[in-house]
Amino acid sequence: MTHRALLLAAALGALGVVVPLRALGPAPAESEKERELPLAQMVGSLEMEGRSSPLAVMLMRRGPLFSVRQVVERLGGELHVGPFQQGHELKLGDTSFLFGPESAAVTFGGEIVSLSQPPQLGPGGLAVPLDLLEAVYTELDGKRFAWREREGRLVVDSGSLRVLPVAVDVVHLQGVSTVVLQFPARPRYRIVDGPGRVTVHVLGDRIQPPARVARAREGLIRDVRFGPQDVTILLAPGAGTESYELADPYRLVFDVFPGGAVAPAGGTPALPPPRRDRIPTIVIDPGHGGSDEGAKGGALVEKDLTLRLARLLRGKLLEALPVRVVLTRDEDADLPLDTRAALANQLKAELFVSLHLNSSFGSRATGAETYFLSLDASDERAELAALDANRAGGDPLTDLELILWDMAQSRHLNASQRLASLIQGELNETLGLRDRGVKQAPFRVLMGAAMPAVLVELGFLSNPAEVDRLEDPLYQNELMDALTRALVRYRAATWVPAGASASATEVPE
Amino acid sequence: MRRGQALAFVGAAVAVGLAAGVLWTRRGPEADASAPAGRPESVAAIAGSVTLYFPGDDGRLHAETRALDTDTEAGELARRVVANLIGGPEGEGLFAPLPATTEITSSFLGADGTLYLDLSSAEHALPPVAGSQRELLAAYSLVNSVCGNVPRIRGVALLWNGEQRVTFGGNLDTTRPLAPDRRLVSAAS
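Residue numbers (the working numbering), protein chains in the order written: chain S, 1 to 509; chain G, 1 to 189.
Next up, the structure:
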């Protein structure tokens, strides 16, 4: 089947012939400018170690995009392309990078980072920005890139990795073990938590391990092991870690707690013992923000009220549940929709709740609505993802097929529907709101969330009477009480003790 | 003799009809070109009718049937449908999905049945559809009406001011063509 995105690009290209792009008045939010047509396309060259090879380049407003296939052919690595060319996996050593067209996010080792611009499909296949190449080849392999646009040359310096000696101290005190990694300079690194272990991956440098590590098999530590670019701390069963940095000299410190009882930051009172092996996170997303004001009604502006309500909900959830609550924004700021879901993914959040205020034609509409994602049945990618969501016992799909970042939500639709029903039920019963029902829509902010995710419309700013209610702090309190009850009920219904095999997010129908 | 007269009459009627049809076909594009962009066209149809879905204040789309010349190619028919939507409903309690100042800058029908519809407004740099219900009703008013009346069109890619935006009004994903959604249509329709 012809690739839909390619058709789209081709059609947009054709459209571009007759539709000159116009400068907008006010600058739209960054997220709204991601899709653009190339200023030019060219066959440039990739030069490394005195040898030159052709390289397809798309010149975009925000910089060049390079054919990832042609780069990998020269620089090494394995490139796997998923169905419809949507998912691309670039594997270098033990590290896999997952990315795709039109999404300015790349994931590796459980992390998601934003790119300067989204990759685009072009004549040389998927074309990616320079910062993606640097994330792969500079960070892991020490290669340096220089783009000479006038000559169309991408020059690669093979470079060489720094060798960083690391000293390791292990301390056991009052039931807590501490591992201190000391470096001569702050390295670039990322931390990956795994079952029974935590690993520090050093990016762009090599590690010179110490001759020995004292007390590395005592207390809550089972061992400390070294690879060329990583340090792995093996933990006692059930232990959890919290990391922080110290300066002069630079140290990366891991406090290891028994039973996963990680002390909360900021010296706040200890939380009740967590039910799972780490503190679960709920991400609350105050809709809109910054230049994107959302709907307006009377003196109320959606972006302000959603933030106020999100802060209120955070306080209530922290009182009601042993959870960490993170707001996608805690100020009046622009925040792209994809970044909101990416933040929840990065935090491995259990739930994602986006708060909004509604508006409609006329002034009669009233009440709350709760949405979960709908997949457009005509979208082949969605069909694939939905197929996976419902597949049981069939041929396993590869990770690459499973991870379609902009459709990550497809695997959690049943749980999202259940969450939406609980929220809508609480809002209806408690507040006597008109039941507008649980609904589905292809809302962008929900698509990338890799956990149960809902969007709640808490009332209509197009209805003056509802605006009056929404301005009342008591009513705001009642609304957030209802949401809190729904989330407590959801967690109670879905909680799975540590060690159980089922995912906490799988809700039986 | 009577039979001969009847045949002659039918023949003359057919000839007149054909001539009118040819004349209309030739006039069509010229008339369209002279019409102000984005304004509703004449609904004094010679043949055909369309069903348009307008937003209501009950949060649903409501069908309104009106006469419209449908004897044209798919892309042009889609453009006429959208122009009539922007022109507004005839019934009470219904609304035009977009302001009357909205213009159809261009439309392009892809081989896969996707209509790329570029809308614009001198008054609105972004689609004026704040609020998810308003956004959904406005978008699917266009999509349901176009796909419902032009069988060749399977989905609509919405552009505003020449750009395909991530969302239409802040929530609804428009990075892909939208397929019709019957769930938004009033049961009475």
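Note that CB positions come from ideal geometry on N, CA and C, so glycine has one too.
- G/ARG79 has a beta carbon lying at 8 Å or more from every beta carbon in chain S.
- The beta carbons of S/ALA342 and S/ALA105 sit closer together than 8 Å.
- Counting other Cβ atoms within 10 Å of its Cβ, S/GLY93 stays below 16 and is therefore classed as exposed.
- S/GLY287 and S/GLU302 do touch by the CB rule: their CB atoms are close to 6 Å apart, below 8 Å.
- Distance from the CA atom of S/ASN428 to the CA atom of S/VAL202, rounded to whole angstroms, is 51 Å.
- Neighbours of G/THR101 in chain S, taken as residues at a C-beta separation under 9 Å, are lacking, since the least C-beta distance is about 14 Å.
- Distances from the CA of G/VAL185 to each of G/VAL50, G/ASP58, G/GLY48 were compared; the closest alpha carbon is that of G/ASP58.
- At the C-beta level, S/PRO119 and S/ALA127 come within 8 Å of one another.
- Between S/LEU46 and S/PHE99, the C-beta spacing is not below 8 Å.
- S/ASN358 reaches chain G at GLY131, SER132, GLN133, counting residues in chain order whose Cβ is nearer than 7 Å.
- The shortest CA-to-CA distance from S/LEU431 to any of S/PRO249, S/GLY459, S/SER363 is the one to S/GLY459.
- In chain order, GLY170 make up the part of chain G whose C-beta sits under 7 Å from the C-beta of S/ASP292.
- Taking a contact as a CB-CB distance under 8 Å, the pair S/LEU181 and S/ARG251 counts as one, their CB atoms being some 7 Å apart.
- Residues MET480, ASP481, THR484 of the same chain have their beta carbon placed closer than 7 Å to that of S/LYS316, with the five preceding and five following residues left out of the count.
- Note on geometry: alpha-carbon atoms of S/GLY77 and S/SER53 lie some 17 Å from one another.
- Counting the other Cβ atoms within 10 Å of the Cβ of S/PRO38 gives 16 or more, which makes it buried.
- For G/ASP69, not one C-beta of chain S is nearer than 8 Å to its own C-beta.
- Residues of the stretch 441-458 of chain S with a C-beta atom less than 8 Å from some C-beta of chain G are ALA441, PRO442, PHE443, ARG444, VAL445, MET447, LEU455, GLU457, listed in chain order.
- For G/VAL166, the nearest beta carbon of chain S is closer than 8 Å to its own beta carbon.
- Contact with chain S is absent for G/LEU98, since none of that chain's Cβ atoms lies less than 8 Å from the residue's Cβ.
- Between S/GLY362 and G/ALA130, the C-beta gap is not smaller than 8 Å, which leaves the two residues out of contact.
- CA-CA distance, S/GLN86 to S/PRO101, rounds to 6 Å.
- Leaving aside the five residues that flank G/GLY162 on each side, the residues in its chain whose CB is nearer than 8 Å to its CB run, in chain order, THR105, ASP118, SER120.
- Assigned with DSSP and collapsed to three states, S/HIS172 falls in strand.
- Annotation: the continuous alpha helix (DSSP H) that includes S/LYS316 extends over 302-320.
- Counting every other CB atom within 10 Å of its CB across the protein chains shown gives S/GLY50 a total below 16, marking it as exposed.
- Any Cβ of chain S closer than 8 Å to the Cβ of G/GLY148 would place that residue at the interface, and such an atom is absent.
- Its chain contains GLY289, GLY290 as the residues whose beta carbon lies nearer than 7 Å to that of S/ALA333, once the 5 sequence neighbours on both sides are disregarded; these appear in chain order.
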